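See structure below.
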Amino acid sequence: MEDTIAAIATATGEAGLSVIRVSGAEAPQIVDRCFQPAGKQSRSPSRADSHTVHYGHITGPQGVIDEVLVSVFRAPRTFTKEDVVEISCHGGMVPTRLVLQSVLSQGARLAHPGEFTKRAFLNGRLDLTQAEAVADVIHSKTELALRAANEQLAGKLAQQIEHLRGEMMNVLAHVEAHIDFPEEDIAPDTKASLLKKLKSGLEFIRTLLATAPEGQVLRHGVRTAIIGRPNAGKSSLLNCLLGKDRAIVSATAGTTRDTIEATANIRGIPIHFMDTAGLRQAHDQIEKEGIRRSQKSLEQADLVLHVIDASQGISPFEESILQQFESKTTLVIFNKTDLAQAAPIPDRLADTAVGISCQTGEGLDPLKDRIKATVWSGTIDADMLEVMINARHQDSLLRAGEATARTIEALETGQTLEFVALDLRIAVNAIGEVVGKTTTDDLLDRIFSEFCLGK
Ligand SMILES: Nc1nc2c(ncn2[C@@H]2O[C@H](COP(=O)(O)OP(=O)(O)O)[C@@H](O)[C@H]2O)c(=O)[nH]1
Ligand SMILES: [Mg+2]
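When the letters of the sequence shown are read in order and numbered with the working numbering, they come out as residues 523 to 977.
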């Protein structure tokens with residue numbers, strides 16, 4: 523039998539409430555020993571019905587610690603499929619910590635990060651993609667990201683993977699049956715139907731793999747460097763896109779010396795902006811360091827917003843630095859279109875540049891559309907939000923795809939069925955990894971250790 527675990531499930535700090543979660547076969551008895559029911563209908567957890575709430579006090583060696591509500595959930599209709607007791611206490615650091623201590627002193631063990639969700643997985647309440655989705659829901663930065671995470675939590679990806687795995691196992695069963703009875707050759711029409719299944723499986727794996735870039739963007743955002751010469755309006759642009767004054771805007775060139783980072787929601791996509799020092803020959807040591815950091819931001823960026831003062835144009839120094847980063851996806855932005863001296867966008871940049879004015883707000887909406895269009899391929903429509911694979915799924919599916927392609931080739935070229943089965947088994951296992959049908963302790967530890975405590 524698993525031991526009973528406990529942890530603070532809410533964020534640390536001062537708040538109205540904190541929740542201490544206890545899970546395991548002994549959870550009701552452990553809380554019994556430190557909970558004094560006070561209301562007329564209130565019960566000790568071990569005598570309480572499932573899914574009921576009880577008013578009372580948590581006590582420790584010095585007497586009453588806090589006034590609380592205790593929720594009791596009986597296995598198996600709980601998050602972990604074990605008995606669960608949740609104690610809602612006042613959200614101060616001291617009451618929260620003392621309530622937890624009291625529960626631990628009665629025999630619960632402090633949970634590891636992600637251990638509740640890990641138990642939910644091990645007890646079959648969630649598959650691995652759903653367990654990962656719990657973390658995605660918690661970490662989601664925009665509504666769109668939350669929607670995608672909720673679809674995965676509801677099991678949309680899991681269903682698709684299970685279906686795919688079922689089809690491939692079917693084919694494997696056929697192939698293995700023929701290995702056992704070598705005197706019977708696979709009939710041509712059977713072989714054709716097996717090949718058809720394998721090919722549609724491979725097609726589907728490729729469709730899933732195509733969602734990986736969007737999945738990455740939604741989960742982790744897009745690192746975006748705002749660069750250009752001093753006074754081009756980089757800090758102004760950052761403030762406009764954030765909708766608040768984050769960076770200092772000044773007519774004095776060289777005001778932004780450090781890299782300022784902030785995340786904004788651009789058309790549902792989390793965009794992580796890095797406002798940088800202007801690109802010019804440095805005038806002092808601090809500015810030199812600022813420009814070095816600008817270059818570092820450029821190196822790390824997935825997307826570059828190159829801001830040009832439309833009344834000034836591009837400087838040679840700026841040009842030379844940008845040449846080093848030619849391979850980066852770049853949007854060229856002509857700012858200050860409100861100025862009378864503003865030059866029109868040169869013809870050679872007509873397709874790639876956007877004109878804006880941070881002063882009047884002109885062009886900002888089209889710019890946001892352009893940013894989204896640049897990082898979001900558009901192959902993913904709203905329906906596809908239900909399957910957005912993450913890096914781990916991608917890794918498994920890449921291997922599954924390769925093994926499936928080899929299987930198809932082996933079958934088509936008439937290789938021995940042992941060969942065919944070998945690759946197909948690799949594919950089935952790799953697909954199984956996605957939902958957690960085939961996992962190692964190492965993999966599980968890696969996934970769940972990234973969870974926050976109490977989850
Ligand atoms: N007329 C006009 N001035 C702007 C615009 N955007 C920024 N500025 C001004 O340009 C100067 C430099 O802006 P700032 O954002 O600090 O530029 P940075 O050095 O690139 O960060 C400030 O005086 C801003 O008010 C714009 O669209 N139109
Ligand atoms: Mg600046």
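We put the CB at the ideal spot given by N, CA and C, even for glycine.
A quick note: this is a predicted structure, and the numbers were derived from the prediction, not measured.
Distance, residue j Cα to residue i Cα
| i | j | result |
| --- | --- | --- |
| A529 | H612 | 15 Å |
| F795 | A709 | 60 Å |
| K807 | R779 | Note that residue 807 is Gln in the sequence shown, not Lys. Going by the C-alpha atoms only, they are around 10 Å apart. |
| G800 | E821 | 16 Å |
| I770 | L759 | 11 Å |
| V802 | K756 | Sequence inspection shows Arg at residue 802; the Val mentioned does not correspond to that position. Using only the alpha carbons, I get a separation of about 14 Å. |
| D860 | E809 | 29 Å |
| L868 | V826 | According to the sequence displayed, residue 868 carries Pro and not Leu. Answer to the nearest angstrom: the Cα atoms are 19 Å apart. |
| L668 | G546 | 30 Å |
| A549 | H661 | 28 Å |
| I701 | T935 | 17 Å |
| E475 | Q652 | Only positions 523 to 977 of the chain appear in the structure, and residue 475 is not among them; the question remains open. |
| T781 | I813 | 9 Å |
| N645 | E940 | 35 Å |
| E972 | I893 | 30 Å |
| K858 | I878 | 6 Å |
| Q682 | S918 | 15 Å |
| T581 | T962 | 41 Å |
| F703 | V942 | 15 Å |
| T882 | Q916 | 44 Å |
Same chain, Cβ closer than 6 Å to residue i, five either side skipped, listed in chain order
| i | result |
| --- | --- |
| R928 | D945 |
| I930 | L720 |
Contacts around residue i, its chain only, beta-carbon distance under 7 Å, and the 5 residues preceding and following it disregarded
| i | result |
| --- | --- |
| A922 | I727, A949, A952, I953 |
| G743 | K663, T785, P792, I793, H794 |
| K640 | L966, F970 |
Which of helix, strand or coil DSSP assigns to residue i
| i | result |
| --- | --- |
| T746 | strand |
| C880 | coil |
| G923 | helix |
| A943 | helix |
| H612 | strand |
| L889 | helix |
| I867 | coil |
| P617 | helix |
| L933 | helix |
| N753 | coil |
| E589 | strand |
| S545 | strand |
| H794 | strand |
| E783 | strand |
Contacts around residue i, its chain only, beta-carbon distance under 8 Å, and the 5 residues preceding and following it disregarded
| i | result |
| --- | --- |
| M691 | V950 |
| R687 | V950, I953, G954, V957, K959 |
| T842 | The residue asked about is misnamed: residue 842 is Ser in this sequence, not Thr. Contacts found: none. |
Residue i Cβ short of 7 Å to ligand 2 heavy atom set
| i | result |
| --- | --- |
| D778 | Reading off the sequence shown, one finds Thr at residue 778, where the question assumed Asp. Under cutoff, so the answer is yes. |
| A769 | yes |
| S757 | yes |
| D797 | yes |
Check: residue i C-beta below 7 Å from any heavy atom of ligand 1
| i | result |
| --- | --- |
| L820 | no |
| L763 | no |
| K766 | no |
| G800 | yes |
| S593 | no |
| V826 | no |
| C556 | no |
| G750 | yes |
| V854 | no |
Residue environment, residue i, which counts as buried when at least 16 other CB atoms sit within 10 Å
| i | result |
| --- | --- |
| I527 | buried |
| E665 | exposed |
| G765 | exposed |
| K977 | buried |
| F856 | buried |
C-beta neighbour in chain D for residue i, strict 8 Å
| i | result |
| --- | --- |
| A655 | Checking the listed chains, one finds no chain D in this structure; it contains a single protein chain. |
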